[in-house]
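Residue numbers (the UniProt record's numbering): 1 to 158. First comes the structure, then the notes that go with it.
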């Protein structure tokens, strides 16, 4: 199945930067939420760019409706999801008034697209620090939309 078949005409799509250890925890089923200081207020599909170690887009995560709440409540979700993570998430969110706990609903893997390929397709491409929107007219979408999804990983414990 091509990636574009998983994305409907009204779906929100972003390019999200993740560090490899966190992505691996999502893949292994250890991590069921992504935590952010800012995020979309609705479910979204995110093309995943693994920063630093791989420097490539490796798949897509289907995120559910985010929980938007006070920092201590988001840290409590993290503690239930991964015991021992309360303080780390509270520290990460810092002085923010609120945080986001974004549930992982599904992960789709495809043949990675390297940073060099991304820059060839769009010379002005720059890796987002957090995330950025992707539109159907975006050169990056043109590059990835026909990729064959190799594997679907479902996070069924959310």
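The beta carbon of each residue, even a glycine, is placed where N, CA and C say it ideally should be.
With distance defined between alpha-carbon atoms, name the residue in 89, 153, 87, 134 nearest to residue 106.
One-based indexing of the chain shown puts residue 106 at position 106. Selected option, being the one with the closest Cα: 153.
Find the nearest neighbour of residue 51 within the set 138, 5, 35, 131, judged by alpha-carbon distance.
If you number the chain shown from 1, residue 51 lands on position 51. Cα-wise, what sits closest to residue 51 is 131.
Under the three-state DSSP convention, the category residue 37 falls into:
Counted from its first residue, the chain shown places residue 37 at position 37. In this structure, DSSP gives residue 37 a state outside helix and strand, which the three-state scheme calls coil.
Counting only beta-carbon atoms, is residue 22 nearer than 9 Å to chain C?
In the structure shown, chain C does not exist; there is a single protein chain.
Compare the Cα-Cα distances from residue 48 to each of 69, 71, 16, 26 and report the closest residue.
The residue labelled residue 48 in the question sits at position 48 within the chain shown. Of the listed residues, the one whose Cα sits closest to residue 48 is 16.
Just to confirm, is the Cβ distance from residue 74 to residue 35 under 9 Å?
Taking the chain shown and counting its residues from 1, one reaches residue 74 at position 74. Taking the chain shown and counting its residues from 1, one reaches residue 35 at position 35. Against a cut-off of 9 Å, the Cβ pair of residue 35 and residue 74 comes out as a contact.
Option in 117, 37, 1 with minimal Cα separation from residue 92:
By one-based count along the chain shown, residue 92 stands at place 92. The option with the nearest alpha carbon to residue 92 is 37.
Runs of beta strand (DSSP E) lying entirely within the UniProt domain "ASCH" (16–65), each at least 3 residues, in chain order:
Fully enclosed beta strand (DSSP E) runs of 3 or longer: 33–36, 44–51, 56–63.
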